[in-house]
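Chemist:
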Amino acid sequence: MSARLPSSQHSHKSRRRTTYPGRVPRDGFKDRPRVNEQIRVPYVKVIGSDKKLIGILPTRDAVGLARRQGLDLVVLVPTEEPPVCGIVDFGKYLYEQKVRLRESKKKQHATEVREMRMKMKIGPGDYEVKMKKMREFLADKDRIRITLFVRGREIVHADLGMKLMSKLSADLADVARVESPPRLLTEGRKSIQMMLVPK
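Here the working numbering is used: position 32 in the sequence shown is 33, and no number is missing along the way.
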């Protein structure tokens with residue numbers, strides 16, 4: 002009488018992962034939609050490869066329709082009743098979704114507050130350098146806190162600092178708007194501050 006293998010050894014080699022036609026290998030895409038035979042509901046609302054509504058079909062028939070076109074049936078809106086499915090190339094569909102996700106993340110770029118420090122007495126060359134840098138910040142959709150330091154007796158000419166701030170906001174008006182207008186800060190190190198945000 003032959004010895005029987007323990008169940009863990011006996012089933013190890015025979016255990017196979019179930020595969021489905023139309024499924025593409027893992028690519029790190031989270032919450033991937035159901036495709037073809039993964040769709041378990043009896044009926045689905047089908048959108049054709051031409052983006053036009055075909056109607057409500059038995060799921061098996063919808064999968065067959067996609068197969069005959071060399072495409073896949075993919076769940077697009079699982080929350081609908083019945084779910085909305087599209088006849089698409091699943092690999093291409095996943096690629097397009099990943100591209101959209103990347104673009105969405107770019108748009109959700111975390112806004113930073115950049116600091117731009119200046120003196121009341123600033124020459125034309127330094128002014129242009131500061132302007133160029135601020136335009137770069139604004140192009141990156143970052144906010145800018147401009148701090149104009151007021152030294153010693155310059156406090157009596159604070160109005161000149163206010164005029165400089167007005168000039169800055171006017172010169173950047175095509176790409177920025179004033180979020181906080183210029184204000185004189187007298188506590189600690191005296192300065193004039195203004196906040197700009199990208200348009």
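We put the beta carbon where it would ideally sit given N, CA and C, even for glycine.
Would you kindly work out how many angstroms separate the C-alpha atoms of residue 45 and residue 115, rounded to a whole number?
Modeler: Looking at the two C-alpha atoms, the distance is approximately 51 Å.
Chemist: Could you round the C-beta distance between residue 132 and residue 145 to whole angstroms and report it? I think they count as a contact, below 8 Å.
Modeler: Rounded, the Cβ-Cβ distance is 11 Å, inconsistent with contact.
Chemist: Which value, in whole angstroms, describes the spacing of the CA atoms of residue 30 and residue 76?
Modeler: Note that residue 30 has pLDDT 47, beneath the 50 cutoff, so the model's placement of it is unreliable and the number below is only indicative. C-alpha separation (whole angstroms): 15 Å.
Chemist: If residue 162 sits next to residue 193, beta carbons under 8 Å apart, how far is it from one beta carbon to the other, in whole angstroms?
Modeler: Indeed they touch by this definition, with Cβ atoms about 4 Å apart.
Chemist: Taking all protein chains shown into account, decide if residue 73 is buried (16 or more other Cβ within 10 angstroms of its Cβ) or exposed.
Modeler: Counting Cβ neighbours within 10 Å, residue 73 comes out buried, since at least 16 surround it.
Chemist: By DSSP, does residue 132 sit in helix, in strand, or in coil?
Modeler: Correct three-state label for residue 132: helix.
Chemist: On the CB-based measure, 16 or more other CB atoms within 10 Å of its CB, does residue 149 come out buried or exposed?
Modeler: Buried: at least 16 other Cβ atoms inside 10 Å.
Chemist: For residue 86 versus residue 36, is the C-beta distance shorter than 7 Å?
Modeler: For residue 86 and residue 36, no; Cβs fall outside 7 Å.
Chemist: With distances taken Cα to Cα, identify the nearest neighbour of residue 127 among 169, 183, 140.
Modeler: The residue with the shortest Cα to Cα distance from residue 127 is 169.
Chemist: Tell me residue 123's beta-bridge partners as DSSP assigns them.
Modeler: For residue 123, which the question treats as bridged, DSSP gives no partner whatsoever.
Chemist: Does the distance from the C-beta atom of residue 195 to that of residue 183 stay below 7 Å?
Modeler: Contact: yes.
Chemist: Once DSSP output is grouped into helix, strand and coil, what is the label at residue 188?
Modeler: Three-state result, residue 188: coil.
Chemist: Can you give the Cα-Cα distance for residue 42 and residue 70, rounded to whole angstroms?
Modeler: Going by the C-alpha atoms only, they are around 22 Å apart.
Chemist: Between the alpha carbons of residue 199 and residue 67, how many angstroms are there, rounded?
Modeler: Cα to Cα, residue 199 sits roughly 47 Å from residue 67.
Chemist: CA-CA distance, residue 204 and residue 180?
Modeler: Residue 204 lies beyond the range of the chain shown here (2 to 200); nothing can be said about it.
Chemist: Which first and last residues belong to the alpha helix (DSSP H) in which residue 224 is found?
Modeler: With the chain covering only 2 through 200, there is no way to say anything about residue 224.
Chemist: Please classify residue 186 as buried or exposed, where buried requires at least 16 neighbouring CB atoms within 10 angstroms.
Modeler: The residue in question, residue 186, is exposed, as its Cβ has fewer than 16 Cβ neighbours within 10 Å.
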